[in-house]
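A.B. asks: The numbering of the sequence shown is the working numbering, which starts it at 41 and goes up by one.
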Amino acid sequence: MKRILFFILVVSVFNSWSQELIRNGSFEVLDTCPNTLGQFHPYGWFGTHGSRTSPDLFSTCAKEDAYSNPKSYIINVRAYNGENFVGIVGYNPHNHYREYVSTKLQKPLVKDEVYTFSISVSQPKMALYYINELGAVFTTDSAKPEKLPMELIMKPHLVIKDGDWLKLNDVWDRINLEYKAKGGEQYLHLGCFLSDEQLVYRKYQDRIAFSKETGYKDAYYIFDDVSLQKMQKTLSEEQKPTKTFVFNNINFNTGDFSSSEKEFDQFEELINYLKDNPTTEVLIEGHSDDVGETDDNQELSEERALFVKSFFEYNKVSNKINTVGYGEEKPMVANDSNENRAKNRRVVIHLFEK
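1) Could you check how far apart the C-beta atoms of residue 257 and residue 174 are, in whole angstroms? I think they sit under 8 Å.
2) Hey, would you say residue 124 sits closer than 9 Å to residue 80, going by beta carbons?
3) Please classify residue 168: does DSSP put it in a helix, a strand, or coil?
4) Please list the terminal residues of the continuous alpha helix (DSSP H) segment that includes residue 62.
5) Within this structure, are the beta carbons of residue 170 and residue 163 separated by less than 9 Å?
6) Short of 6 Å in beta carbon distance, which residues of its chain neighbour residue 194, apart from the five on each side in sequence? Order them along the chain.
7) Mind checking who residue 218 pairs with in its DSSP beta bridge?
8) Assuming residue 241 and residue 133 are in contact, meaning their beta carbons sit under 8 Å apart, how far apart are those beta carbons, in whole angstroms?
9) For residue 112, tell me which candidate among 362, 254, 265, 376 has the shortest Cα-Cα distance.
10) Our contact map puts residue 95 next to residue 127 with C-beta atoms below 8 Å; I'd like the distance itself, whole angstroms only.
11) Quick check on residue 279: does DSSP put it in helix, strand or coil?
12) What number of angstroms, rounded off, separates the C-alpha of residue 251 from the C-alpha of residue 319?
13) Please list, in chain order, all residues of the same chain as residue 200 whose beta carbon is under 7 Å from its beta carbon, the five residues on each side excluded.
14) Compute the Euclidean distance between the alpha carbons of residue 313 and residue 350, then round it to the nearest angstrom.
15) For residue 373, count neighbouring Cβ atoms within 10 angstroms of its own Cβ and tell me buried if that reaches 16, exposed if not.
16) Taking 9 Å as the cut-off, decide whether the C-beta atoms of residue 392 and residue 321 are in contact.
17) When the cut-off is 9 Å and only beta carbons count, does residue 252 lie next to chain C?
18) Quick check on residue 238: does DSSP put it in helix, strand or coil?
19) Rounding to the nearest angstrom, what Cα-Cα distance links residue 296 and residue 311 in this structure?
20) DSSP three-state label for residue 313, please.
21) With C-beta atoms as the reference, is residue 226 less than 9 Å away from residue 149?
22) What did DSSP end up calling residue 354 once you bin it into helix, strand or coil?
23) Return the chain-ordered ranges of every beta strand (DSSP E) run that is complete within the region 72-104 and spans a minimum of 3 residues.
24) Alpha carbon to alpha carbon, how far is residue 343 from residue 260? Give it in angstroms, no decimals.
25) Which same chain residues, not among the five before or five after residue 121, have their C-beta less than 8 Å away from its C-beta?
26) Can you tell which of 84, 83, 82, 74 has the C-alpha that lies nearest to the C-alpha of residue 101?
27) Could you name the residues of the same chain whose beta carbon sits closer than 6 Å to that of residue 202, not counting the 5 residues immediately before and after it, in chain order?
28) Residue 55: buried (16+ other C-beta within 10 angstroms of its C-beta) or exposed?
29) Just to confirm the assignment, what range does the alpha helix (DSSP H) spanning residue 379 have?
30) Can you tell me where the alpha helix (DSSP H) holding residue 251 begins and where it ends?
31) How close, in whole Å, do the beta carbons of residue 357 and residue 315 come, if the pair is a contact with beta carbons under 8 Å?
32) Between which residues of its own chain and residue 375 is the CB-CB distance below 7 Å, once the five residues before and five after are set aside?
33) Figure out for me which residue from 117, 196, 152, 267 has the closest Cα to the Cα of residue 144.
34) Measure the CB-CB distance between residue 180 and residue 229 and report whether it falls below 9 Å.
35) Per the DSSP calculation, residue 223 is bridged to which residue(s)?
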């Protein structure tokens with residue numbers, strides 16, 4: 041009877057993942073219960089081995105006095121969702137050590153499809169340091185864990201941060217990002233992918249005494265509720281916008297996605313209109329000039345669109361807002377002068393009335 045009940049439980053969990061591309065994103069299904077730190081056996085995930093240790097799994101199934109119990113004095117954090125979560129050393133400035141967690145996706149990603157990636161991140165009391173960012177990397181093949189981080193010291197596909205730093209003092213932060221697939225990606229890797237020269241770290245001054253007491257000297261992070269889903273298209277391919285606005289007088293410099301807030305005053309009338317018409321859907325397009333690498337320009341255009349979206353949301357616009365980046369694919373004019381390139385570094389906003 042126990043085996044039958046267990047089978048029903050697992051089948052129901054797998055069915056709940058049918059639209060979810062990440063298996064066991066809340067780490068609730070375990071191969072074995074962790075009795076101490078370094079025992080990392082959540083179903084569908086693997087970590088680094090062959091180095092100092094492995095990532096950690098925290099679960100309420102562990103004994104109450106075990107370090108792997110979320111209530112232990114070195115952690116004392118409730119899971120964001122469910123009962124379990126995982127922990128990694130993002131970076132140790134004393135020996136440059138890092139840890140990574142990886143998983144195989146339910147199915148390969150489709151070229152040019154946009155996916156929504158979400159993750160909850162925090163730092164427990166045992167974290168002495170915080171760093172500028174963690175990241176997510178998608179690969180077509182499985183990186184060999186024992187060779188990490190050398191295989192994956194690269195620009196991450198998604199940057200996990202909150203402002204200038206990933207500083208999370210005992211608080212869960214839910215981070216939502218968008219990823220446009222290159223096609224064929226089958227694995228997700230989480231960790232710090234910056235080189236030592238790019239990585240910046242700072243110390244929690246109020247945790248120095250605890251570090252001396254326990255010996256923990258890492259930029260330690262915990263993850264929960266990792267999700268990757270294909271973005272649902274709410275606007276049909278055939279649907280024509282009722283209004284279109286082109287903003288090419290925003291001062292986007294070549295290679296930059298941000299702009300001065302003063303220049304966003306031109307959005308005021310549009311923002312007021314959207315507040316008065318909350319059912320109107322919005323599509324924000326980002327565009328770049330042709331200076332630089334094509335892939336970089338694609339990413340830049342996506343970031344420009346997201347930058348404008350964040351400005352709208354900051355101004356309490358509650359409408360459904362989608363974003364897309366076209367890179368240098370759709371220039372308004374030929375990229376044959378600085379003046380024309382400035383015109384092509386633009387944002388286009390389409391409105392769709394319901």
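The C-beta atom is built at its ideal place from N, Cα and C for all residues, glycine as well.
Small disclaimer: the values here were computed from a predicted structure and weren't measured.
C.D. replies: Checking against the coordinates, here is how it stands:
1) In this structure, residue 257 and residue 174 do not form a Cβ contact; the two beta carbons are roughly 18 Å apart against a cut-off of 8 Å.
2) With contacts defined as CB atoms closer than 9 Å, residue 124 and residue 80 fail to qualify as a contacting pair.
3) Residue 168 carries a coil assignment under DSSP once its states are collapsed to helix, strand and coil.
4) Per DSSP, residue 62 belongs to no alpha helix (DSSP H) and is neither H nor E.
5) In this structure, residue 163 lies closer than 9 Å to residue 170 by Cβ.
6) Correct list, in chain order: 233.
7) The secondary-structure analysis by DSSP pairs residue 218 across a beta bridge with 156.
8) The distance from the Cβ of residue 241 to that of residue 133 is about 5 Å, consistent with a contact at the 8 Å cut-off.
9) For residue 112, the nearest C-alpha among the options comes from 254.
10) Sure, about 6 Å apart at Cβ, within 8 Å.
11) In the structure shown, residue 279 sits in coil (DSSP, three-state: anything other than H, G, I, E or B).
12) Cα to Cα, the separation comes out at about 52 Å.
13) Only 159, 161, 173, 174, 175, 176, 206, 215 meet the Cβ criterion.
14) Distance between the alpha carbons of residue 313 and residue 350 is about 17 Å.
15) So residue 373 counts as exposed.
16) Closer than 9 Å, so yes.
17) No chain C is part of this structure, which consists of one protein chain only.
18) Three-state DSSP puts residue 238 in coil, outside helix and strand.
19) The predicted position of residue 296 is uncertain, since its pLDDT is 49 and thus under 50; a value taken from the coordinates is nonetheless stated next. For residue 296 and residue 311, the distance between alpha carbons rounds to 24 Å.
20) In the three-state DSSP reduction, residue 313 falls in the helix class (H, G or I).
21) Here residue 226 is near residue 149, since their CB atoms are less than 9 Å apart.
22) Residue 354: helix per DSSP, three-state reduction.
23) With a minimum length of 3 residues, the continuous beta strand (DSSP E) runs that stay inside the region 72-104 are 85-87, 96-98.
24) Using only the alpha carbons, I get a separation of about 28 Å.
25) If the five residues before and after residue 121 are omitted, its C-beta is found closer than 8 Å to the C-beta atoms of 66, 160, 264, 265, all from its own chain and listed in chain order.
26) Checking every option, the nearest Cα to that of residue 101 belongs to 74.
27) Closer than 6 Å at the Cβ level, and outside the excluded window around residue 202, lie 213.
28) Residue placement at residue 55 cannot be trusted, given a pLDDT of 37 that sits under 50; the coordinates are not used to answer.
29) That run of the alpha helix (DSSP H) goes 378-384.
30) Taken as a continuous stretch (DSSP letters only), the alpha helix (DSSP H) holding residue 251 covers 248-254.
31) Cβ-Cβ separation between residue 357 and residue 315: approximately 6 Å, consistent with a contact (criterion under 8 Å).
32) So the list reads 329, 330, 381, 384, once near-sequence residues are dropped.
33) Closest in alpha carbon position to residue 144, among 117, 196, 152, 267, is 267.
34) No, these two residues do not count as a Cβ contact at 9 Å.
35) In DSSP, residue 223 forms no bridge with anything.
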